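*Asks:* Heads up: the sequence lines are chains W and L, in that order. Our numbering numbers the first residue of the first sequence as 1 and each following residue consecutively. Our numbering numbers the first residue of the second sequence as 1001 and each following residue consecutively.
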Amino acid sequence: MLCAAAGLMAAIVASAQSPPTFNRDVVVLDPAHGGSDGGSRLSDHLEEKDVTLALAARVRSLLAVRGFSVVSTRQDDLAAHFGVPLSSDQRAETANRAHAVACIVLHASASGNGVYLGVSAIGSSLAAIPQNSRSASVGAKPVSWDLAQEIYVPQSLGLANEIGTAFSRANFPLAVGRVALRPLDNLMCPALSVEVGPLRGDGSDPTPVTDGDYQQRVAETIAGALIFWKNRAQPPASPAPPASGSGPGL
Amino acid sequence: MIVRIKRGRFVRAGAVMTFIPRIPWRDRPLARFNAAIPRYQRALFYVLIAGIVVMAVFLVHERRVAHDRLAAHNDATPLAAPVSNGTESFTLDLASDIDGSITATQREIALPAEPSVRARALLERLIAEYSLPESSHPLASGAAVDDVFLLKLPIVVPQPASAAGSPVPEASDFDAAADPNRDDELAVINLRGGFVNDHPSGVEVETLTLLSMIGTLHANFPRITEVRFLVDGQPKETLAGHADLSRVYPVIDTTAAAGGAVR
């Protein structure tokens, strides 16, 4: 009995200390805003929630072609009929259930230039000073809900590096920073916010985020980078060694 | 027998034709009116009309003067330096939307001496830089910061005597609250609702605004170690839909924290 208890404790400690594992073929997409929360107003008749939804649809179809299973926190703007948008906690809950290899929070903006990648500020010098943080129990170790992203920050930085490299190769103006943004801090997966802004060239009129070709290029870059990322974050299981002919009873 | 003579015509008077001239004040209505009213009453009437016109002009002038006076009171932006203080060199952490960077820039500014008013005036100056036409992080002009409160850390909530268990607090309670060697302060920045409502929406632009304010405080107020933001005196979840305003931020050098462009 004591041996069994000790074994169980050892397994719990080992699981708490082992690096997190993911469903390497699952990606979570979070088209930000929705419902009564329109996000930023990109033009007189266009809100951010519509652009993020359109961009998410493009990324989703490209990821599906590449063999990913995509979990979206919203696939339409049905919440608009009820006027109640999903809370950031509800979005994080949906994402955390998937144990995805990457969680991408999509934003769009009328300011900036090109693409802005944001990694949670947790663990950086800009990390929030803990106040009365809520906590949730995960496995044997309680994890603060407000700091749920903490143990995934190294992977999130790696994801930002992978996607940032892909954007740079595709000649997108790119900036990367640490951001204080919900639900990024509550996600238990390698998480990244991707904000797409107008593409400002030298002297020419900027390409708006509503441009279909621009959105398609962004979606292809993200989808392509995630192929490399899933192999880097969690290499595929090596094939089982061939069974030896000598069984224990033989 | 009464003979009615029509004026303005020739009339035969015996062998002579005589012209009877018209009398204007008898033939025209106004002239009749004037003729019916005594001269002194007409003079009084015209004097009163002139008085009304003069009063109207005076009222319009006074209204304009009062409007200018009220507008001057409403513009509470402390950009005009107090006369008694000379200019000093301050560091403003200026953000750029073009490459997502924050750059420390020196400015000669005259600011008040009182620390919280000084911090408020400095942040107002920072936001004023962003309202200039050539700004690379354009924000709407106008007053942005209502107040800045500086609170000494750690903040100790006084316990009621019954809850504390002892009617007399222990000496150690005071030691923790009033450590003479600890000068850390929490800055509570109360932003104006108008500034927040007009702020551009986006992850990058909102983050840069916050980092710019935090970095400017870090560069000029070494005692401030933490920052909390309020809007019109109330907590608010986000600045303009993205950057989190509900948390307490550490005051750091944001020129390195902003990240910036990767090319």
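Built from N, CA and C at the ideal position, the CB exists for glycine as well. None of the values given here were measured: they were computed from a predicted structure.
Could you work out which residues of chain W lie near I1098/L, taking near to mean beta carbons separated by less than 7 angstroms?
*Replies:* Within chain W, the residues near I1098/L are N113.
*Asks:* Expressed to the nearest angstrom, what Euclidean distance is found between the alpha-carbon atoms of V1148/L and D211/W?
*Replies:* Those two C-alpha atoms are separated by around 43 angstroms.
*Asks:* What residue from E150/W, G224/W, A233/W has the CA that sits closest to V65/W's CA?
*Replies:* Ranking the options by Cα distance to V65/W, first place goes to G224/W.
*Asks:* My parser needs the beta strand (DSSP E) runs of 3 or more residues fully inside the region 1076-1150 of chain L; what are they?
*Replies:* If we require 3 residues or more, the beta strand (DSSP E) runs fully inside the region 1076-1150 of chain L come out as 1088-1096, 1101-1109.
*Asks:* Is the beta carbon of A1095/L less than 7 angstroms from the beta carbon of L1208/L?
*Replies:* For A1095/L and L1208/L, yes; Cβs fall inside 7 angstroms.
*Asks:* Report the neighbours of A100/W on chain L: residues whose CB is nearer than 9 angstroms to its CB, in chain order.
*Replies:* The contacting residues do not exist; A100/W stays about 21 angstroms from chain L at best.
*Asks:* Looking at L157/W: is its Cβ nearer than 7 angstroms to the Cβ of L106/W?
*Replies:* No, these two residues do not count as a Cβ contact at 7 angstroms.
*Asks:* Once you ignore the five residues that flank S1172/L on each side, which residues in its own chain have a CB closer than 8 angstroms to its CB?
*Replies:* Reliability fails at S1172/L, whose pLDDT of 43 lies under 50, so the model's placement of it is uncertain and the value that follows must be treated cautiously. Within the same chain, S1172/L has no close Cβ partners at all.
*Asks:* Which full runs of the beta strand (DSSP E) of 3+ residues lie inside the region 29-93 of chain W, going along the chain?
*Replies:* Taking only runs of at least 3 residues, the beta strand (DSSP E) segments lying wholly in the region 29-93 of chain W are 41-43, 69-72.
*Asks:* Output, in chain order, the set of chain L residues within a Cβ distance shorter than 9 angstroms of E93/W.
*Replies:* The premise fails here: E93/W is roughly 18 angstroms from chain L at the closest Cβ pair, so nothing lies under 9 angstroms.
*Asks:* Is the number of C-beta pairs between the region 195-214 of chain W and the region 111-120 of chain W that are closer than 8 angstroms three or more?
*Replies:* A contact exists between the region 195-214 of chain W and the region 111-120 of chain W.
*Asks:* Drop a sphere of 10 angstroms on the beta-carbon of S1131/L, count the other beta-carbons inside from all chains shown, and report buried for 16 or more, exposed for fewer.
*Replies:* Exposed.
*Asks:* Looking at C-beta atoms only, is the number of pairs between the region 142-160 of chain W and the region 176-189 of chain W that lie closer than 8 angstroms three or more?
*Replies:* The answer is yes - the region 176-189 of chain W touches the region 142-160 of chain W, with three or more Cβ pairs under 8 angstroms.
*Asks:* Can you give the Cα-Cα distance for L117/W and S1212/L, rounded to whole angstroms?
*Replies:* When rounded, the distance between both Cα atoms is 18 angstroms.
*Asks:* Under 7 angstroms Cβ-Cβ, which residues of chain L neighbour R74/W?
*Replies:* Those do not exist, as R74/W stays about 16 angstroms from chain L at its closest Cβ, beyond 7 angstroms.
*Asks:* Within the continuous alpha helix (DSSP H) that includes A170/W, where are the two ends?
*Replies:* Neither: A170/W is in no alpha helix (DSSP H) and is coded neither H nor E.
*Asks:* Report yes or no: do three or more beta-carbon pairs, one from the region 1116-1130 of chain L and one from the region 1242-1256 of chain L, lie closer than 8 angstroms?
*Replies:* These segments do not touch.
*Asks:* In this structure, what does DSSP give as the bridge partners for Q1234/L?
*Replies:* Beta-bridge pairing links Q1234/L to V1231/L.
*Asks:* Any beta carbon of chain W sitting closer than 7 angstroms to that of P1200/L?
*Replies:* So yes, P1200/L belongs to the interface.
*Asks:* When we look at the beta-carbon of Q75/W and count the other beta-carbons within 10 Å, is it buried (16 or more) or exposed?
*Replies:* Q75/W should be labelled exposed.
*Asks:* By Cβ distance, which residues of its chain are closer than 7 angstroms to L2/W, with the 5 residues on each side in sequence left out?
*Replies:* Summary for L2/W: the model assigns pLDDT 42, below 50, so the residue's position carries little reliability; its value from the coordinates is reported in the next sentence. None.
*Asks:* On the criterion of 16 or more Cβ atoms from any shown chain inside 10 Å, does D1068/L qualify as buried, or is it exposed?
*Replies:* Classification of D1068/L: exposed, given that the 10 Å Cβ count is below 16.
*Asks:* Cβ of R60/W within 7 angstroms of Cβ of V71/W?
*Replies:* No, the pair does not count as a contact, with Cβ atoms beyond the cut-off.
*Asks:* Grouping DSSP H, G and I as helix and E and B as strand, with all else coil, what is F1010/L?
*Replies:* Residue state, collapsed to three classes: strand.
*Asks:* For F1010/L, I'd like the list of residues in its chain whose CB is within less than 6 angstroms of its CB, leaving aside the five on either flank, ordered along the chain.
*Replies:* Around F1010/L: M1017, F1019.
*Asks:* How would you list, in chain order, the residues of chain L whose beta-carbon sits under 8 angstroms from the beta-carbon of H107/W?
*Replies:* Within chain L, the residues near H107/W are G1202, V1203, H1242.
*Asks:* Measure the alpha-carbon distance for E1170/L versus I1155/L and round it to whole angstroms.
*Replies:* Confidence in E1170/L is poor, its pLDDT being 47 and thus under 50, which makes the residue's placement unreliable; the coordinate value appears in the next sentence. Looking at the two C-alpha atoms, the distance is approximately 17 angstroms.
*Asks:* Using only alpha-carbon positions, find the residue among Y214/W, F22/W, V209/W, D202/W that is nearest to V101/W.
*Replies:* The shortest C-alpha separation from V101/W is found at F22/W.
*Asks:* Between which two residues does the alpha helix (DSSP H) carrying M188/W extend?
*Replies:* Element bounds for M188/W: n/a, residue is neither H nor E.
*Asks:* Could you check whether D185/W and Q215/W sit closer than 7 angstroms to each other, using their CB atoms as the reference points?
*Replies:* No, they are not a contact pair.
*Asks:* Does the beta-carbon of R1118/L have 16 or more other beta-carbons within 10 angstroms, so that it is buried, or is it exposed?
*Replies:* By the 10 Å Cβ count, R1118/L comes out buried.
*Asks:* Check this for me: beta carbons of G1193/L and D1232/L, under 7 angstroms apart or not?
*Replies:* Their beta carbons are under 7 angstroms apart, which means G1193/L touches D1232/L by this criterion.
*Asks:* In the DSSP output, what is S120/W paired with across the bridge?
*Replies:* Bridge partners of S120/W: V179/W.
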